[in-house]
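**Q**
Residue numbers (the numbering used here): 33 to 447.
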C-alpha cells in the first residue's frame, strides 16, 4: 500500500473519531437524563413527571435518556428526543455516561416517543420482557463509523423475550438490529427507506446477528436496499420465524412482486402463494400482498390499578384513530358495547380484570392492555342491629326523661 494512501486513511479515521467525540460531548453538554435503579431522576430538574411506576416526558429533550429501573413505563407523551448524532436516543439497562454502569433491566415499557438524529434510537441492553410500543424513530446513524459499528433505530443486545410493536422507523441506517438475543416478538412495525447519507447507501431493514428463535410478522418492509439479513458468529445463520401461520400471515415486502412476478393471492386472504426467501434457513411462508394495517391502539386511563371503595368506576379510554365500535370485557366475560367513556356499575367486591376493545372502519380489532383493579365496598350495618341500636337509644332516652320528670315533680311538691 502506498504511503500517501495510508496517511489518507489515518487522517480520515482521525477526522471521523474527532467528529464523533465532538458530537458526543455536545450531546452530553445539552442534557442527559437518567431514571436510576432506585427510581430517582437525574437531574432532578429534568422535564420528567413521575406518577408511581410511570415516567412521562413533559417537554422535548436534546441529549440521551437512560432507564435503569425495572418494572417501569417511560412515556414520551409525544415529545421529541434528539441526539445530535452523539450517542443520544433512549437506552434501557445501560448508562453510557456512568462510571458505575450496571447492565440489564426487565419489564420496562417505552412508548409514545419520537427520536431523531442519534446513533441509536432506542436500545435494549441485556433487557428482558420489555415493550417498545408506538414510537417514531428517524435519521439514526453514526456517520463514517457506520462502516464498522452497527447503528439502528432500535437496537437489542442480549437479554430476550422483548416485544417490539407498532413502531414507525423511517430513514434510519438500519431499522432494527438484534445481536445475541432470543425469543423476541417483532410485530406491526413500519420499516421504511433505510439509508445512510454519508455512505450513500442503506443498511438492511432488519438484522439478526447470532439471534435465533425470534418471531417476526405483520411488519411492513418498504423501499429498503436490503429487506432482511441473518447471520451468526458460530453458525452459518440465525434461524427465526417470519410469519404467524396461515390466514394470519407474515410480513409485507415492497419488492415481493419484483422478486416473484408470478406470485398470486391465495383466494381472498391477501396472502401470496410464494414464500419470500431471506436465505436457506429464513423465509416468510405467508407474505402479505398488501401493507399490514395495524388495529386501533387503545390507551386505558380509568380505572387504574388500585382499590376502589365503591361498586361503580369510571371507564375512560382513548384511541389513536376513528373507530366504529368500542366495548369492554370485565373478568373475561362477553363484551359490553359502549359509545365512549362511561361508568361500569354493580361491580362486586374482589379483584377484577378489564380489557377495552375497538374496531376500525376496516374491521381490524384492537385491544388495550389488560388492567387489574379491586373493589372493596364496606359492608352495611345489618338492619336488625341498626333497629336494635335505635330501640336501645330510645329506651335510654325514655328512662332518663322519666326520672327527670319525676325529680322535678318531687321538687315542686317539697316547696
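Ideal Cβ placement from N, Cα and C applies to all residues, glycine included. Bear in mind that the values here come from a model prediction, so they are computed numbers and not experimental data.
Helix, strand or coil for residue 148 per DSSP?
**A** Residue mapping note: residue 148 aligns to position 116 of the chain shown, counting from 1. Reduced to three states, the DSSP call for residue 148 is strand.
**Q** Could you work out which residue in 331, 303, 384, 223 is closest to residue 255 when comparing CA atoms only?
**A** Counted from its first residue, the chain shown places residue 255 at position 223. It is 223 whose Cα lies nearest to the Cα of residue 255.
**Q** Would you please state the rounded distance, in angstroms, between the beta carbons of residue 227 and residue 203? I believe it to be under 8 Å.
**A** Here residue 227 is taken as the residue at index 195 of the chain shown, counted from 1. Here residue 203 is taken as the residue at index 171 of the chain shown, counted from 1. Contact holds; Cβ gap of about 6 Å.
**Q** What number of angstroms, rounded off, separates the C-alpha of residue 100 from the C-alpha of residue 339?
**A** Walking along the chain shown from the start, residue 100 turns up at place 68. Walking along the chain shown from the start, residue 339 turns up at place 307. Cα to Cα, the separation comes out at about 29 Å.
**Q** Within the same chain, show all residues whose beta-carbon is closer than 6 Å to that of residue 284, passing over the 5 residues directly before and after it, in chain order.
**A** Position 252 of the chain shown, counted from the first residue, corresponds to residue 284. Around residue 284: 252, 320, 323, 324.
**Q** Measuring straight from C-alpha to C-alpha, what distance separates residue 365 and residue 91?
**A** Counting from 1 along the chain shown, the entry for residue 365 is found at position 333. Counting from 1 along the chain shown, the entry for residue 91 is found at position 59. For residue 365 and residue 91, the distance between alpha carbons rounds to 40 Å.
**Q** Suppose you measure from the CA of residue 379 to the CA of residue 327; what does that come to, to the nearest Å?
**A** Here residue 379 refers to the residue found at position 347 when the chain shown is read from its first residue. Here residue 327 refers to the residue found at position 295 when the chain shown is read from its first residue. Each residue's Cα considered, the two are about 29 Å apart.
**Q** DSSP has residue 361 in a bridge; who is on the other side?
**A** Counted from its first residue, the chain shown places residue 361 at position 329. The partner list for residue 361 (beta bridge, DSSP) reads 387.
**Q** Given residue 53, which residues of its chain have a CB within under 7 Å of its CB, disregarding the five upstream and five downstream residues?
**A** For the purposes of this step, residue 53 is taken as the residue at position 21 of the chain shown. Because the pLDDT at residue 53 is just 37, under 50, the model does not fix this residue reliably, and the value given afterwards should be weighed accordingly. Contacts found: none.
**Q** Taking 6 Å as the limit between beta carbons, can you name the residues of its chain near residue 217, skipping five residues before and five after?
**A** Locating residue 217 in the chain shown gives position 185, counting from the first residue. So the qualifying residues of the chain are 195, 247.
**Q** Can you give the Cα-Cα distance for residue 341 and residue 154, rounded to whole angstroms?
**A** Looking up residue 341 in the chain shown gives position 309. Looking up residue 154 in the chain shown gives position 122. The alpha-carbon atoms of residue 341 and residue 154 are separated by roughly 40 Å.
**Q** Less than 7 Å between C-beta atoms, sequence neighbours within five positions excluded: which residues of the same chain meet that for residue 112?
**A** The count along the chain shown starts at 1 and reaches residue 112 at position 80. The residues are 92, 146, 148.
**Q** Checking the sheet assignment: what are the DSSP bridge partners for residue 315?
**A** As a working note, residue 315 is residue 283 in the chain shown. 309, per the DSSP bridge assignment.
**Q** From the DSSP secondary-structure annotation, give me the bridge partner or partners of residue 286.
**A** Taking the first residue of the chain shown as 1, we reach residue 286 at position 254. According to DSSP, residue 286 bridges with nothing at all.
**Q** Distance, Cα to Cα, residue 83 vs residue 71?
**A** For the purposes of this step, residue 83 is identified with residue 51 of the chain shown, where counting begins at 1. For the purposes of this step, residue 71 is identified with residue 39 of the chain shown, where counting begins at 1. Near 11 Å, if we compare the C-alpha coordinates of residue 71 and residue 83.
**Q** How big is the Cα-Cα spacing for residue 345 and residue 206?
**A** To locate residue 345, count along the chain shown from 1; it is residue 313. To locate residue 206, count along the chain shown from 1; it is residue 174. The straight-line gap from Cα to Cα measures roughly 45 Å.
**Q** Could you have a look at residue 291 and say whether DSSP puts it in helix, strand or coil?
**A** For this step, residue 291 is matched to residue 259 along the chain shown. Residue 291 falls in the helix class under three-state DSSP.
**Q** Could you please give me the residues that DSSP links to residue 297 through a beta bridge?
**A** Numbered from its first residue, the chain shown carries residue 297 at position 265. DSSP, once it has assigned bridges, lists 304 as partnering residue 297.
**Q** Among 279, 193, 185, 270, whose alpha-carbon lies nearest the alpha-carbon of residue 158?
**A** In the chain shown, the residue the question calls residue 158 occupies position 126. Looking at the Cα atoms, 193 is the closest of the given residues.
**Q** Among all the DSSP beta bridges, which residues are the ones paired with residue 122?
**A** Translated into the one-based positions of the chain shown, residue 122 becomes position 90. Looking at the DSSP assignment, residue 122 forms a beta bridge with 97, 154.
**Q** Going by DSSP, name the residue or residues bridged to residue 214.
**A** The residue given as residue 214 occupies position 182 in the chain shown. 192, per the DSSP bridge assignment.
**Q** In this structure, does DSSP put residue 107 in helix, strand or coil?
**A** On the chain shown, residue 107 is found 75 positions in, with the first residue counted as 1. Strand.
**Q** Which of helix, strand or coil does DSSP assign to residue 186?
**A** Counted from its first residue, the chain shown places residue 186 at position 154. Strand, per DSSP.
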